[in-house]
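Quick note: the sequence shown uses this note's numbering, first residue 31, plus one each step.
Quick notes on the structure that follows.
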Amino acid sequence: MSTWDLSTVQHHVLICNGGSCLKNSGDETTLAIRDEISKHGAEHLIHTTRTRCNGRCQDAGVVTVYPQGIWYKEMTPETGRRLVREHLLEGKPLQEHMIYSFEERFVPTGKGNKGISRVQNK
31 MSTWDLSTVQ
41 HHVLICNGGS
51 CLKNSGDETT
61 LAIRDEISKH
71 GAEHLIHTTR
81 TRCNGRCQDA
91 GVVTVYPQGI
101 WYKEMTPETG
111 RRLVREHLLE
121 GKPLQEHMIY
131 SFEERFVPTG
141 KGNKGISRVQ
151 NK
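Here's what the structure looks like:
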């Protein structure tokens, strides 16, 4: 196992590899994002992590970018490559795939299904 020096990292990309996302090219999207990062020599700037289910199965494939806290839906290998070039390297988020951004809390963009509340009424 490796322990990475993250002191130069500007973005942390969480790529869902839960069941629904894997059925929607999750593994291929992960590999495409990592390949595009390498292609641009940006490994020192962008760290990626494969995750299990992120609870947004209806939006598969899900990719989350920090520190901005932007959640993306329906990501594919092609949009994953665009994400690296446009959002991570040029600072232009992919508006058409955004479902949440983080301000003081997660703010829905109105482009995704809101989902069910985690708070149960008593």
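Just so it is clear, CB atoms sit at the ideal spot from N, CA and C, and this is done for glycine as well.
| Check | Outcome |
| --- | --- |
| Work out the CA separation of Thr59 and Leu124 for me, nearest whole Å. | 15 Å |
| Could you give the distance in angstroms between the alpha-carbon of Ala90 and the alpha-carbon of Leu61? | 16 Å |
| Counting only the same chain and skipping the five closest in sequence on each side, list residues whose C-beta sits under 6 Å from that of Gly142. | Asp89, Lys103 and Ile129 |
| What residues in its chain sit with their C-beta under 7 Å from that of Arg112, if we drop five residues either side in the sequence? | Leu124 |
| Would you say His117 faces chain C, with C-beta separation under 8 Å as the test? | Annotation note: the requested chain C is absent from the structure, which comprises a single protein chain. |
| Go ahead and pull the three-state DSSP assignment for Cys87. | helix |
| Quick one: give me the first and last residue of the beta strand (DSSP E) that Ser131 is part of. | Met128 to Phe132 |
| With distances taken from CA atoms, which of Leu119, Tyr96 and Arg115 is nearest Glu133? | Tyr96 |
| On the criterion of 16 or more Cβ atoms from any shown chain inside 10 Å, does Ser55 qualify as buried, or is it exposed? | buried |
| Answer yes or no: do Asn47 and Thr78 have a C-beta to C-beta separation smaller than 8 Å? | no |
| Enumerate in chain order the residues of its own chain whose CB-to-CB distance from Asp57 is below 8 Å, with the five nearest sequence positions on each side excluded. | Asn47 |
| Is the distance from the Cβ of Val114 to the Cβ of Ile63 below 8 Å? | yes |
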